[in-house]
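Everything in the sequence shown is counted per the UniProt record's numbering, starting at 1 for the first residue and increasing by one. Here a beta-carbon is modelled for each residue, glycine too, at the ideal position from N, C-alpha and C. One structure below.
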Amino acid sequence: MENSKKRNDYSDSRFAVAPMIDWTDRHCRTFHRQFTRHALLYTEMVVADAAIHGNRERILGFAEDEHPVALQLGGSDPAKLAEAARVGEAMGYQEINLNVGCPSDRVQSGTFGACLMQTPGVVAACVHAMKQAVALPVTVKCRIGVDDQDTEVALDDLAGAVFQTGANALWVHARKAWLKGLSPKENRDIPPLDYDRVYRLKRQNPNQFIGINGGIQTLDEAVKHLNHVDGVMLGRAAYQNSMLLLDVDTRIYGDDGASASIGAIIDHMCDYADAHIVRGGRLSHITRHMVGMFHGAAGARRWRQILSTEANQANATSAVIRRAFEAIQTTPAEEAA
Ligand SMILES: Cc1cc2nc3c(=O)[nH]c(=O)nc-3n(C[C@H](O)[C@H](O)[C@H](O)COP(=O)(O)O)c2cc1C
């Protein structure tokens with residue numbers, strides 16, 4: 001598939017795959033890119049200190065043909081975030097995003113992530129410093145509130161602070177985070193979704209880019225959200241059922257250019273996997289992101305089984321992917337899961 005170009009206009013970011021730690025690494029993004037030229041792909045969250053002091057190639061390295069890719073940073077120190085944003089810009093990312101939504105204990109102990117919903121002034125200082133440091137779009141991903149905050153007030157305050165400093169977009173996970181008592185996983189499911197709250201924010205800020213996230217399962221739902229907000233961001237559905245990304249370019253971007261064939265995606269991932277193995281990597285680094293590719297299709301169980309067992313063996317090569325794909329091609333349609 002033709003490489004995506006870097007973007008100049010944030011309004012092209014109508015569809016994004018969410019930042020997901022341990023999931024949206026460079027191999028995952030390369031895989032997702034085979035389905036859609038246009039979707040904006042986010043990195044996992046990278047803590048500012050790691051971006052500044054860590055092994056840059058290992059933590060931040062990516063390939064040109066993953067673009068458009070946004071780097072998500074975690075932190076609450078404006079100077080460090082500015083420095084980390086500079087590093088991201090130099091590495092070639094096309095957007096820097098600040099995480100104001102992650103509720104894990106580890107993140108809270110560093111006083112960043114979702115607990116920053118309580119200190120919009122700190123978020124504003126961070127965004128300001130990042131904007132000063134780079135020429136790229138600087139964006140924020142947040143919740144509608146935390147704990148017993150009134151979401152009408154908390155989200156307005158956060159959005160006001162963020163946009164006042166010139167942030168280019170606010171992506172809102174449309175549920176609260178509870179900082180005590182819920183695990184990060186529970187915090188993605190238990191607090192109720194409130195899409196209307198995000199729609200209201202958009203109505204109050206007609207000239208700002210506001211994207212919605214949380215619980216969106218299908219492109220039909222995504223298209224409906226786009227009647228109310230500027231962008232939609234899918235996390236788990238995109239990862240667990242990557243095939244839905246195949247229609248993003250036509251349905252969300254009106255780009256009728258031929259979408260990739262499944263065979264071409266498999267071929268590309270086989271070549272990519274073998275090149276990774278030649279460099280000393282393991283097949284499973286790549287195939288672990290592909291397990292959901294045939295979600296619900298005939299042969300999907302066998303596909304999953306082959307990828308999750310054989311790909312872990314030492315010396316596994318792309319032949320495993322081809323064997324798994326054969327199971328898809330040879331299973332009669334009536335056996336669909
Ligand atoms: C495994 C996993 C890791 C996540 N890591 C991050 C992260 O690094 N940064 C972030 O802002 N959100 C993170 N999230 C939250 C997602 O970006 C998203 O907001 C959330 O899953 C809700 O969207 P969904 O219902 O479409 O999955 C993570 C979610 C999952 C499932």
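Problem - Helix, strand or coil at valine 291 [DSSP, three-state] - result: coil
Exercise for the section: Take the Cβ of glutamate 57 as the centre, count every other Cβ of all protein chains shown within 10 Å, and call the residue buried at 16 or more, exposed below. Expected result: exposed
Exercise for the section: Give the range of the beta strand (DSSP E) segment to which glutamate 44 is assigned. Expected result: 40–47
Practice task
Look at the Cβ atom of valine 100, then the Cβ atom of leucine 116, and state whether they are nearer than 7 Å.
Solution key: yes
Practice task
Measure from the alpha carbon of serine 11 to the alpha carbon of each residue in Asp105, Pro68, Phe294 and Gly214, then state which is nearest.
Solution key: Pro68
Exercise for the section: Can you check the segment 123–164 for any alpha helix (DSSP H) of at least 4 residues that lies completely inside it and give the ranges in chain order? Expected result: 151–164
Exercise for the section: Compute the distance between the beta-carbons of valine 198 and isoleucine 212, then report whether it is under 7 Å. Expected result: yes
Practice task
Specify the secondary structure class of leucine 81 as computed by DSSP and reduced to three states.
Solution key: helix
Exercise for the section: Check isoleucine 96 in the structure and name its three-state DSSP category. Expected result: strand
Practice task
Alpha carbon to alpha carbon, how far is leucine 244 from glycine 292? Give it in angstroms, no decimals.
Solution key: 11 Å
Practice task
Starting from leucine 73, trace the beta strand (DSSP E) both ways and give me its first and last residue.
Solution key: 69–74
Practice task
Kindly examine ligand 1 and report whether one of its heavy atoms sits closer than 6 Å to the Cβ of lysine 141.
Solution key: yes
Exercise for the section: Flag this pair as yes or no: are the beta carbons of proline 19 and tyrosine 42 separated by less than 7 Å? Expected result: yes
Handout entry: Coarse secondary structure for leucine 219, derived from DSSP in three states
Key = helix
Exercise for the section: Report all residues from its chain with a CB closer than 6 Å to the CB of alanine 85; omit the five preceding and five following residues, and keep chain order. Expected result: Ile96, Met130, Ala133 and Val134
Exercise for the section: Take every Cβ of the segment 288–303, pair it with every Cβ of the segment 23–38, and state whether three or more of those distances are shorter than 8 Å. Expected result: yes
Practice task
Give me the Cα-Cα distance between proline 191 and alanine 319, rounded to the nearest whole angstrom.
Solution key: 43 Å
Practice task
Identify every run of the alpha helix (DSSP H) within the segment 202–257, keeping only runs that are complete inside it and at least 4 residues long; order them along the chain.
Solution key: 219–225, 236–240 and 248–251
Exercise for the section: Count the other CB atoms, across all protein chains shown, that sit within 10 Å of the CB of glutamate 64; report buried if there are 16 or more and exposed otherwise. Expected result: exposed
Problem - beta-carbon arginine 37 near ligand 1 non-hydrogen atom, thresh 6 Å - result: no
Exercise for the section: Can you have a look at arginine 304 and say buried or exposed, based on whether 16 or more other CB atoms are within 10 angstroms of its CB? Expected result: buried
Practice task
Within the same chain, show all residues whose beta-carbon is closer than 7 Å to that of aspartate 256, passing over the 5 residues directly before and after it, in chain order.
Solution key: Thr250
Handout entry: Assigned secondary structure, valine 16 (DSSP; H/G/I helix, E/B strand, else coil)
Key = Checking the sequence, you will find alanine at residue 16 rather than valine. Alanine 16 falls in the strand class under three-state DSSP.
Practice task
Kindly indicate which three-state DSSP category leucine 182 falls into: helix, strand or coil?
Solution key: coil
Practice task
Could you say which of Leu60, Gly254, Tyr253 and Leu155 lies nearest to tryptophan 171 if we only look at CA atoms?
Solution key: Leu155
Handout entry: Outcome for threonine 218 when other beta-carbon atoms lying within 10 angstroms are tallied against a minimum of 16
Key = exposed
Handout entry: Neighbour-count burial assignment, alanine 316, 16 or more Cβ in a 10 Å radius
Key = buried
Exercise for the section: Spell out a yes or no on whether the segment 121–128 and the segment 164–180 are touching, meaning 3 or more CB-CB pairs, one atom from each, closer than 8 Å. Expected result: yes
Practice task
Please find out if some non-hydrogen atom of ligand 1 comes closer than 6 Å to the beta-carbon of leucine 234.
Solution key: yes
Practice task
Please report how far the alpha carbon of glycine 121 lies from the alpha carbon of glutamate 326, in whole angstroms.
Solution key: 55 Å
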